[in-house]
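*Asks:* Pasting a structure below so you can have a look.
Numbering (our numbering), first residue to last: 2 to 724.
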């Protein structure tokens, strides 16, 4: 029997309503309970994120270097992972083809682990090698160019431009980016590289508060992560166009993909997220080099077809040097364009700029308009890497204003070490033995490269490795190493004792060591030191030079003691002669005159004998340059040699001292040159006025062609106002 009330529909409605209100699991109650549970969960998660999750500054936060790849286990590069798509357009690419054929396929590439922390590490690890493919892409397509410059000593030469003949080893071919399958893989790889954990991203973007060795190490780990991301970023964007590289519209390309398993919406969101992170990351690391192009990919791309050229830095005080050295280089056959960088109107006057630009193929450029030095100031030595990086050339020979060559500087582009690596450095004098092995271990994330283990700082031979008077670099291949070098000479350059901060210049001497050090910090061991030694050029113990060299120093050199002894003997002999003259004066005027003539002749002979040791005048008979005894040459000039041991270039200008006037410069001041012994310690003596004395057994005289260059240098120098 029905239990419904008899009042009909209204009664039934009232019954259902009262029954529903009494139910403990009514729809309203269930909704309220679910809302409370969800709200509680949100609160719990928020509290965990706020109080329990490791913060960026927490000691438990993984170090950035833990997120970087193990360099002993390198992932497979793109070009090797997909050999069927590889395009070889250079001899080096052809030589590498067999290795690529044996490489694993795409299925064997490292996969992202499930662990969130390892997720970020795997992303950076995959990019550290695979994204490296993006740096020198398309280099295989660059055609070798003829240097177009003579190799003679002194001769006429015009000005020409040339595409680089140095072709970096191709590791990624941007031409493949026109293929949708390759583009899709590049997109996936780029997105996979982005750290998935928020606190890891914050750690990468955090302000660098470390100092000294800790600063360099932390900077190295972050820059290596940036390098992987940057190269993956370029691999997605850059495509060939009429022999150049241009940035494609990635979003338009994504929307145009057909027959793809890629979720276009997710890919676009991932791209936007990556772009936002990269923009912030590069501003945090390299804000000083952003203004001119707006981003570093645009700056890098501008070098691809930049050709070759020479770069100087100069103010009014150095412009006179260049007015003599640039015409010399032209006479030697250097035909490439030249850019002179200066630091504002107050550095290089308009008059001097006009003088320099009157020379064929020379332009002057204001470096201050290209960089941001807010919070620090660009000055002095520190301008060198900025000038190299911001010059328009892909392959640049940087030359100090006071450096001069005996041969065509363009020959450095053909150096085998440079052609193999794309970066050529020169060694400094082997002075001041010092082991900095422990320091290197603190600043460079391991493992230590073979180049570092061969360096003097590692072996303890010297605390000085590089002379940065001449630097040759392919900026397309070593872009991020050069960018990092600007930072080491920029915001991280100077320390502050009051604040307890140690700068780069507190750890190394000026800019010299920052070049190879930047290569190592970024994880790029592709550089070579010229296989020669340093030396000196001058005259045997030039009296003027030694006067400067020994002004405030003890006379430690045995030859100087010998000369002093001969001078004393000369005075004693003259005293005896004078006494003899007085005694003979009584014997008559005629006899007196004869004796005096005889005494004068003896005196002149003794003076000539003493002068033989110090004279800088050319001798009719050749110098005694036999290796049977040690020779000493003192001069401010630091000489570098060819692989055959002939003079190549030197710095220190042509004056024997800082105060020497151009009218006082004499070719006879440069009679001989010496190489420092390779296996001998403490061959150098450092004196005042930049004068250094080298003692060694082997000494050489300049040949006819080298003397001609010296005479040409001095002749050009006397025509301009450089003193």
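Glycine included, each C-beta is placed from N, C-alpha and C at the ideal position.
In this text the structure is predicted, and so the values were computed from the model without any measurement.
Just to confirm my understanding: we take residue 558, look at its own chain, exclude 5 residues before and 5 after, and list those with CB closer than 8 Å. What are they?
*Replies:* Residue numbering aside, residue 558 sits at position 557 when the chain shown is read from its first letter. In this prediction, residue 558 has a pLDDT of 47, which is less than 50 and means its spatial position is unreliable; what the coordinates show is noted afterwards. These residues qualify, in order along the chain: 633, 686, 694 and 696.
*Asks:* For residue 531, which of helix, strand or coil comes out of DSSP?
*Replies:* Mapped onto the chain shown, residue 531 falls at position 530. If DSSP states are grouped into helix, strand and coil, residue 531 belongs with coil.
*Asks:* Give the straight-line distance between the Cα atoms of residue 322 and residue 427, rounded to the nearest whole angstrom.
*Replies:* The residue given as residue 322 occupies position 321 in the chain shown. The residue given as residue 427 occupies position 426 in the chain shown. The alpha-carbon atoms of residue 322 and residue 427 are separated by roughly 21 Å.
*Asks:* Should residue 186 go down as buried or exposed, given a rule of 16 or more other Cβ atoms within 10 Å for buried?
*Replies:* If you number the chain shown from 1, residue 186 lands on position 185. With 16 or more other Cβ atoms within 10 Å, it is buried.
*Asks:* Can you check DSSP and say which residues form a bridge with residue 309?
*Replies:* The residue you call residue 309 lines up with position 308 of the chain shown. DSSP output for residue 309 lists 396 as bridge partner(s).
*Asks:* What number of angstroms, rounded off, separates the C-alpha of residue 348 from the C-alpha of residue 407?
*Replies:* The residue you call residue 348 lines up with position 347 of the chain shown. The residue you call residue 407 lines up with position 406 of the chain shown. Taking the straight line joining both Cα atoms gives about 29 Å.
*Asks:* Give, in chain order, every unbroken run of the alpha helix (DSSP H) that is at least 4 residues long and sits entirely within the stretch 420–472.
*Replies:* Complete alpha helix (DSSP H) runs here, min 4: 438–444, 451–455 and 457–460.
*Asks:* How many angstroms separate the CA atom of residue 444 from the CA atom of residue 522?
*Replies:* Locating residue 444 in the chain shown gives position 443, where the first residue counts as 1. Locating residue 522 in the chain shown gives position 521, where the first residue counts as 1. Rounded to the nearest angstrom, the two C-alpha atoms are 8 Å apart.
*Asks:* Which same chain residues, not among the five before or five after residue 440, have their C-beta less than 8 Å away from its C-beta?
*Replies:* Within the chain shown, the letter at position 439 stands for residue 440. Hits under 8 Å: 214, 458 and 508.
*Asks:* For residue 140, which three-state DSSP category applies?
*Replies:* Residue numbering aside, residue 140 sits at position 139 when the chain shown is read from its first letter. Because residue 140 carries a pLDDT of 35, less than 50, the predicted location of this residue cannot be relied on, and the following value inherits that uncertainty. Helix.
*Asks:* Mark residue 497 as exposed unless 16 or more other C-beta atoms lie within 10 angstroms of its C-beta, in which case mark it buried.
*Replies:* What you label residue 497 is simply residue 496 of the chain shown in a count that begins at 1. Exposed, because fewer than 16 other Cβ atoms sit within 10 Å of the Cβ of residue 497.
*Asks:* So, does the CB of residue 268 fall closer than 8 Å to a CB anywhere in chain B?
*Replies:* The displayed structure is made up of one protein chain only, and chain B is not part of it.
*Asks:* Whether or not the stretch 330–347 and the stretch 368–378 are in contact is what I'm after, with contact meaning three or more pairs of Cβ atoms, one per stretch, closer than 8 Å; do they touch?
*Replies:* Because the criterion of three Cβ pairs below 8 Å is met, the stretch 368–378 and the stretch 330–347 touch.
*Asks:* Judging by CA-CA distance, which residue of 504, 528, 511 and 501 is the nearest neighbour of residue 479?
*Replies:* As a working mapping, residue 479 is identified with position 478 in the chain shown. Minimum Cα distance to residue 479 is reached at 528.
*Asks:* Identify the residues that DSSP records as bridge partners of residue 676: which are they?
*Replies:* The residue you call residue 676 lines up with position 675 of the chain shown. Answer is 536, bridged to residue 676.
*Asks:* Please confirm whether residue 388 and residue 473 have their CB atoms less than 8 Å apart.
*Replies:* Your numbering for residue 388 matches position 387 in the chain shown. Your numbering for residue 473 matches position 472 in the chain shown. No, they are not a contact pair.
*Asks:* Nearest-angstrom Cα distance between residue 666 and residue 631?
*Replies:* Sequence index remark: in the chain shown, residue 666 carries index 665 (1-based). Sequence index remark: in the chain shown, residue 631 carries index 630 (1-based). If I take the Cα positions, the gap works out to 27 Å.
*Asks:* Helix, strand or coil: which one does DSSP assign to residue 669?
*Replies:* Walking along the chain shown from the start, residue 669 turns up at place 668. DSSP places residue 669 in helix when its eight states are reduced to three.
*Asks:* Less than 8 Å between the beta carbons of residue 230 and residue 279, yes or no?
*Replies:* Within the chain shown, the letter at position 229 stands for residue 230. Within the chain shown, the letter at position 278 stands for residue 279. Their beta carbons are under 8 Å apart, which means residue 230 touches residue 279 by this criterion.
*Asks:* Measure the alpha-carbon distance for residue 679 versus residue 237 and round it to whole angstroms.
*Replies:* Walking along the chain shown from the start, residue 679 turns up at place 678. Walking along the chain shown from the start, residue 237 turns up at place 236. Computed Cα separation, rounded: 49 Å.
*Asks:* Could you give the residue range of the alpha helix (DSSP H) that holds residue 182?
*Replies:* Taking the first residue of the chain shown as position 1, residue 182 is located at position 181. Residue 182 -> alpha helix (DSSP H) spans 181–194.
*Asks:* Name the residue from 656, 643 and 183 whose alpha carbon lies nearest to the alpha carbon of residue 636.
*Replies:* Along the chain shown, read from residue 1 onward, the residue named residue 636 stands at position 635. Checking every option, the nearest Cα to that of residue 636 belongs to 656.
*Asks:* Which residue or residues does DSSP assign as beta-bridge partners of residue 339?
*Replies:* Within the chain shown, the letter at position 338 stands for residue 339. According to DSSP, residue 339 bridges with 311 and 363.
*Asks:* Could you round the C-beta distance between residue 392 and residue 340 to whole angstroms and report it? I think they count as a contact, below 8 Å.
*Replies:* Here residue 392 is taken as the residue at index 391 of the chain shown, counted from 1. Here residue 340 is taken as the residue at index 339 of the chain shown, counted from 1. Indeed they touch by this definition, with Cβ atoms about 5 Å apart.
*Asks:* Take the Cβ of residue 431 as the centre, count every other Cβ of all protein chains shown within 10 Å, and call the residue buried at 16 or more, exposed below.
*Replies:* Reading the chain shown from its first residue, position 430 is the one you call residue 431. Buried is the call here.
*Asks:* Please confirm whether residue 315 and residue 651 have their CB atoms less than 8 Å apart.
*Replies:* What you label residue 315 is simply residue 314 of the chain shown in a count that begins at 1. What you label residue 651 is simply residue 650 of the chain shown in a count that begins at 1. Cβ distance not < 8 Å, so residue 315 and residue 651 don't count as in contact.
*Asks:* Just reading off the alpha helix (DSSP H) that residue 509 is part of, what are its end residues?
*Replies:* By one-based count along the chain shown, residue 509 stands at place 508. Segment: none, residue 509 is in no alpha helix (DSSP H) and carries neither H nor E.
*Asks:* For the beta strand (DSSP E) that residue 209 lies in, which residues bound it at each end?
*Replies:* Here residue 209 refers to the residue found at position 208 when the chain shown is read from its first residue. Segment: none, residue 209 is in no beta strand (DSSP E) and carries neither H nor E.
*Asks:* Does the stretch 668–678 come within contact of the stretch 529–542, defined as at least 3 CB pairs closer than 8 Å?
*Replies:* Segments in contact, yes.
*Asks:* Under a three-way DSSP split, which group does residue 701 fall into?
*Replies:* Looking up residue 701 in the chain shown gives position 700. The answer is strand: DSSP assigns residue 701 an E or B state.
*Asks:* Among 524, 364 and 273, which one has its Cα closest to the Cα of residue 224?
*Replies:* The residue you call residue 224 lines up with position 223 of the chain shown. For the residues 524, 364 and 273, the minimum Cα distance to residue 224 belongs to 524.
*Asks:* Measuring CA to CA, which of 706, 338, 241 and 34 is closest to residue 411?
*Replies:* In the chain shown, counting from the first residue as 1, residue 411 sits at position 410. It is 338 whose Cα lies nearest to the Cα of residue 411.
*Asks:* Could you please give the first and the last residue of the uninterrupted beta strand (DSSP E) stretch that includes residue 632?
*Replies:* Counted from its first residue, the chain shown places residue 632 at position 631. Where residue 632 is concerned, the enclosing beta strand (DSSP E) stretches over 632–636.
*Asks:* Among 222, 649 and 449, whose alpha-carbon lies nearest the alpha-carbon of residue 532?
*Replies:* Here residue 532 refers to the residue found at position 531 when the chain shown is read from its first residue. Among 222, 649 and 449, the Cα nearest to that of residue 532 belongs to 649.
*Asks:* Got a sec, what are the start and stop residues for the beta strand (DSSP E) residue 248 sits in?
*Replies:* What you label residue 248 is simply residue 247 of the chain shown in a count that begins at 1. Segment 245–248, the beta strand (DSSP E) holding residue 248.
*Asks:* Which one of 196, 201 and 220 has the shortest CA to CA distance from residue 520?
*Replies:* Stepping through the chain shown from its first residue, residue 520 is reached at position 519. The shortest C-alpha separation from residue 520 is found at 220.
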